[in-house]
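Going by this note's numbering, the first residue of the sequence shown is number 183, and it counts up by one from there.
Positions of the beta carbon are idealized from the N, C-alpha and C atoms, including for glycine.
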Amino acid sequence: MAIQRPKGTQDHLPDGSPKLSTDIRASAFRHVTETAQRVLERAGAQFISTPLFEEADLVKRGVGGSTDIVRKEMFTVYYFGDHGGFILRPEGTAGIVRAYLQNGLKQLPAPLKLWTHGPMFRAENVQKGRLRQFHQVDYEVLGSADALVDAEAVALMVDVVRELGLKNVWVKLGSIGDPDDREAYNAYLLDLFTPHLERLSDDSKERLTRNPMRILDSKSAEDQHLLTELKVRPMLDFLGTEAATHFGQVQGYLKAWNIDFDVDPSIVRGLDYYRRTAWELHHGGVGAKSALGGGGRYDGLAEQLGGSVVPGIGWAFGIERLLLALEAEGVSLPEPRGPLLYLAALDEENVPYAATLARKAQAGIRAEFAYRAMKPGSAFKDAERRGAVWAGLIGSEEAANGTLSLKNMQTGEQKVVETAELDDFIALSRL
Ligand code: HAM
Numbered sequence: 183m184a185i186q187r188p189k190g191t192q193d194h195l196p197d198g199s200p201k202l203s204t205d206i207r208a209s210a211f212r213h214v215t216e217t218a219q220r221v222l223e224r225a226g227a228q229f230i231s232t233p234l235f236e237e238a239d240l241v242k243r244g245v246g247g248s249t250d251i252v253r254k255e256m257f258t259v260y261y262f263g264d265h266g267g268f269i270l271r272p273e274g275t276a277g278i279v280r281a282y283l284q285n286g287l288k289q290l291p292a293p294l295k296l297w298t299h300g301p302m303f304r305a306e307n308v309q310k311g312r313l314r315q316f317h318q319v320d321y322e323v324l325g326s327a328d329a330l331v332d333a334e335a336v337a338l339m340v341d342v343v344r345e346l347g348l349k350n351v352w353v354k355l356g357s358i359g360d361p362d363d364r365e366a367y368n369a370y371l372l373d374l375f376t377p378h379l380e381r382l383s384d385d386s387k388e389r390l391t392r393n394p395m396r397i398l399d400s401k402s403a404e405d406q407h408l409l410t411e412l413k414v415r416p417m418l419d420f421l422g423t424e425a426a427t428h429f430g431q432v433q434g435y436l437k438a439w440n441i442d443f444d445v446d447p448s449i450v451r452g453l454d455y456y457r458r459t460a461w462e463l464h465h466g467g468v469g470a471k472s473a474l475g476g477g478g479r480y481d482g483l484a485e486q487l488g489g490s491v492v493p494g495i496g497w498a499f500g501i502e503r504l505l506l507a508l509e510a511e512g513v514s515l516p517e518p519r520g521p522l523l524y525l526a527a528l529d530e531e532n533v534p535y536a537a538t539l540a541r542k543a544q545a546g547i548r549a550e551f552a553y554r555a556m557k558p559g560s561a562f563k564d565a566e567r568r569g570a571v572w573a574g575l576i577g578s579e580e581a582a583n584g585t586l587s588l589k590n591m592q593t594g595e596q597k598v599v600e601t602a603e604l605d606d607f608i609a610l611s612r613l
């Protein structure tokens, strides 16, 4: 059998590909990244790009040793003679904070808004909306702990989905407090779970020693059952005064901007670097357990990576999940666009002439040409298959008197124009 792509990956394919049910239409994907770019750059974000592989330590220290991502889902990169100290990045934040520190971006006006998009890698159990190579749009703001920055970050995430045309989305907003608050909460959880240790899944037994809060995020049914039974108090109950005030301010700004949200007292998030504001964006068509995106504040991350204190906050969408949501809502995406002009020669000797004219036209518009001579019927058929607006035929008569016979493939209108008109885009768009 021919070699297949690895499990949990997808190909991004050109429009019209026959297998789009299992793969992704590249132009739909690009529509998402271009929409995000428009929204985020209007708000002052600049593009950043960091390597797809990084020191394993970056992820261990950043994302956290007690997370599923670090414990079970990291792809290690080996190359000849190497011990495998690199991993494929499972998310974008740690790399962006590393790049910020390493490249002295602190000197730029703060807060600095950055955005990126690209592939991320997690060795997960593959299912709908859960891939091993997936893609995120990621937004990060570095250099401010102000609640206004948090509110703007949540609002921008909502702006992106609105601009994409999604309606059935809701924000679950929470706070996971400051480190002291989390310590108090973890102590509470340790006391609560220790008498029931035997009923916890093996993973959660380990979580109890490393970071009890992670148990709340467990996917195991037995753990979830125990959580309900024990009526676990939420993290929100443990917020200190400062974190609680900050959380109140974030909500106030969001209300003032008419951004709807539900306070979710149990929000945990799957990464360890968060503190204070944390949230997820959900969508009915993606399944209750899977978020369209999530984010939060991570004021301690830069220090954790060996840098100075740099408050930060950000979010990421899963692009594949956004595409599922768009499909579920039946949002129509921009139609594939064919060339404005398609030129075909009717005899071999005029093929290079047609090519030359088409190449000239390419300076201003999308133009294609046939690589061999064609009969008018098959030239029009080909033009139609490619979605061309105008099809032009060039025979020896046209070549001799410098004209083109054009047919509008949508209206059927026919006209003869001087080839000189192809010289610039203005002349063409008047065709
Ligand atoms: P995350 O919640 O781990 O956060 O991932 C964000 C989004 O990426 C998820 O909501 C989901 O849409 C998508 N995603 C995650 N894993 C998969 C997967 N296996 N298959 C498909 N989609 C997936 C982060 O990654 C943080 N770095 C977000 C952030 C940025 N926080 C602060 N700044």
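- Per DSSP, the unbroken beta strand (DSSP E) holding Arg-479 starts and ends at 475-479.
- Out of Ala-543, Val-571, Lys-437, Ala-555, the CA that lies nearest to the CA of Thr-601 is found in Ala-543.
- Of the candidates Ser-448, Met-556, Asn-393, Ser-448 places its Cα closest to the Cα of Leu-409.
- At least one heavy atom of the ligand HAM falls within 8 Å of the beta-carbon of Thr-275.
- One alpha carbon belongs to Gly-577, the other to Leu-539, and they sit about 13 Å apart.
- When C-alpha distances from Lys-589 are compared across Ala-507, Lys-201, Lys-597, the shortest belongs to Lys-597.
- According to the DSSP assignment, Val-336 belongs to the alpha helix (DSSP H) that extends over 329-346.
- In this structure Asp-362 is exposed. Its beta-carbon is surrounded by fewer than 16 other beta-carbon atoms within 10 angstroms.
- If you draw a straight line from the Cα of Gly-422 to the Cα of Lys-349, it comes to about 35 Å.
- In this structure Ala-276 is not in contact with Gly-325, their Cβ atoms being roughly 17 Å apart against a cut-off of 8 Å.
- DSSP assignment within the stretch 426-476 yields the following whole beta strand (DSSP E) runs of 3 residues or more, N-terminal first: 459-465.
- Classified as exposed, Gly-263 has fewer than 16 neighbouring CB atoms from the shown chains inside 10 Å of its CB.
- Distance check between Ile-397 and each of Ser-386, Arg-207, Glu-404, Ala-403 places Ser-386 closest, using alpha-carbon atoms only.
- Between Val-492 and Leu-222, the C-beta gap is not smaller than 9 Å, which leaves the two residues out of contact.
- Between the stretch 232-251 and the stretch 266-276 there are three or more C-beta pairs closer than 8 Å, enough to call the two in contact.
- Per the C-alpha coordinates, the member of Ser-560, Arg-541, Gln-186 positioned closest to Leu-604 is Arg-541.
- Relative to the ligand HAM, the beta carbon of Arg-304 is positioned inside 8 Å of a heavy atom.
- Counted as a single uninterrupted DSSP element, the stretch harbouring Tyr-553 is not any beta strand (DSSP E), since DSSP gives it neither H nor E.
- For Gln-318, the enclosing beta strand (DSSP E) covers residues 315-324.
- As a beta-bridge residue in DSSP terms, Thr-258 pairs with Ile-269.
- Look at Ala-227: its beta carbon is at least 8 Å from all of the heavy atoms in the ligand HAM.
- For Glu-595, no pairing in a beta bridge is given by DSSP.
- If you ignore the 5 residues before and after Pro-534, its C-beta comes within less than 7 Å of no other C-beta in its own chain.
- Within the same chain, Val-241, Lys-242, Val-245, Gly-246 come within 7 Å of Val-252 by CB-CB distance, once the 5 residues on both sides are set aside.
- Note that the C-beta distance between Gly-594 and Leu-586 is not below 9 Å.
- The beta carbon of Gly-311 lies closer than 8 Å to those of Val-468, Gly-469, Ser-472, Gly-500, Glu-502, Arg-503, Leu-506 in the same chain, with the five residues before and after it left out.
- Between the ligand HAM and the CB of Trp-352, the shortest heavy atom gap is not smaller than 8 Å.
- The alpha-carbon of Gly-226 is positioned some 28 Å away from that of Asp-454.
- Between the beta-carbon of Phe-211 and that of Trp-297 there is about 16 Å, and that puts the pair past the 8 Å contact cut.
- Beta-bridge pairing by DSSP links Leu-195 to Arg-207.
- For Pro-272, the shortest C-beta to heavy atom distance toward the ligand HAM is below 8 Å.
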